[in-house]
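> Following this message is one structure expressed as structure tokens.
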Amino acid sequence: MEVAEVAREVRRRMGWDDRLYLSVDTNEQCESPEYMVEYLKKVEEKDPRTYEEVLYLEQPTERDLSLHRWDMRKLSSLKPVVIDESLATLDDYRLARQLGWSGVALKTCKCHSSALLFVCLAEEEGVPYTVQDLTLYGTALVHSVGFAARIRTMMGVESNGCQYHRREAFPEVRRLHPGVMERREGKVRTDSIGEVGLGFRIE
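Take 1148 as the starting number for the sequence shown in the working numbering and just add one per residue.
Next comes the structure, spelled out in structure tokens:
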């Protein structure tokens, strides 16, 4: 289904005419960056509003950056393009920047320490970054949301774990952090996490 159609249907069902914040993730399925260039052009032609609401593109091409060494500059001139599956080492980060990728997607479940390192690099170089939860829920979601709340991401945190778990799941986490576990109009609250730490302690 086209992204413009999805956006229109969401607005209709929610009775909501405010701006949507969209990301496009093809999970490495594009043969080349040119595919996404054409895709964006078609979205803009059919629905300029939806085009404007696309915040960024995530990992359009294969994770092995050295395989084709695609020049991403044309695509990233249209919308920010962030690496996800490609990002594992500092060398990956540096090569992506050389090839014209705009920024990075961070996941706490891939490694908290490396996420911190990439945040520092991104901040130092003025590179945009996102935080995504990889369908995390419970304690892992508190970690991801708490991390995102303390840094300057492109737009909060991507959180879709609630779509894959029963509402009654993780009762202890829900009791301690109800604002994190319950989304309201696309937002979660982090006040229960506190200023220091990840929201839990080992006793």
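In this text, a Cβ means the ideal position worked out from N, Cα and C, and glycines have one as well.
Beta carbon of residue 1231, beta carbon of residue 1201: below 9 Å?
Within the sequence shown, numbered from 1, the residue matching residue 1231 stands at position 84. Within the sequence shown, numbered from 1, the residue matching residue 1201 stands at position 54. Result no, Cβ atoms of residue 1231 and residue 1201 do not sit closer than 9 Å.
> Can you list, in chain order, the residues of its chain with a C-beta nearer than 6 Å to that of residue 1248? Leave out the 5 residues immediately preceding and following it.
Taking the first residue of the sequence shown as 1, we reach residue 1248 at position 101. Closer than 6 Å at the Cβ level, and outside the excluded window around residue 1248, lie 1219, 1228 and 1230.
> Helix, strand or coil for residue 1232? Go by DSSP, reduced to three states.
As a first step, residue 1232 is located in the sequence shown; it is residue number 85 there, counting from the start. Coil.
> Inspect the CB distances between the segment 1178–1193 and the segment 1256–1271 and report whether three or more fall short of 8 Å.
Judged by Cβ distances under 8 Å, the segment 1178–1193 makes no contact with the segment 1256–1271, as fewer than three pairs qualify.
> Could you have a look at residue 1326 and say whether DSSP puts it in helix, strand or coil?
Your numbering for residue 1326 matches position 179 in the sequence shown. Three-state result, residue 1326: helix.
> Which residues bound the beta strand (DSSP E) around residue 1205?
Residue mapping note: residue 1205 aligns to position 58 of the sequence shown, counting from 1. Counting along the chain, the beta strand (DSSP E) containing residue 1205 begins and ends at 1201–1205.
> Could you tell me the alpha carbon to alpha carbon distance between residue 1197 and residue 1335, rounded to whole angstroms?
To locate residue 1197, count along the sequence shown from 1; it is residue 50. To locate residue 1335, count along the sequence shown from 1; it is residue 188. C-alpha separation (whole angstroms): 24 Å.
> Skipping 5 residues on each side, what residues in its chain have a beta carbon closer than 6 Å to that of residue 1255?
Along the sequence shown, read from residue 1 onward, the residue named residue 1255 stands at position 108. Here the set comprises 1262, 1290, 1291 and 1294.
> I'd like to check one pair, residue 1277 with residue 1253: are the Cβ atoms closer than 9 Å?
Counted from its first residue, the sequence shown places residue 1253 at position 106. Counted from its first residue, the sequence shown places residue 1277 at position 130. Cβ distance < 9 Å, so residue 1253 and residue 1277 count as in contact.
> With a CB to CB cut of under 6 Å and the five nearest residues on each side skipped, what residues in its chain are close to residue 1258?
If you number the sequence shown from 1, residue 1258 lands on position 111. Taken in chain order, the list of residues that qualify is empty.
> Going by the CB atoms, is the gap between residue 1172 and residue 1204 shorter than 9 Å?
What you label residue 1204 is simply residue 57 of the sequence shown in a count that begins at 1. What you label residue 1172 is simply residue 25 of the sequence shown in a count that begins at 1. Their beta carbons are under 9 Å apart, which means residue 1204 touches residue 1172 by this criterion.
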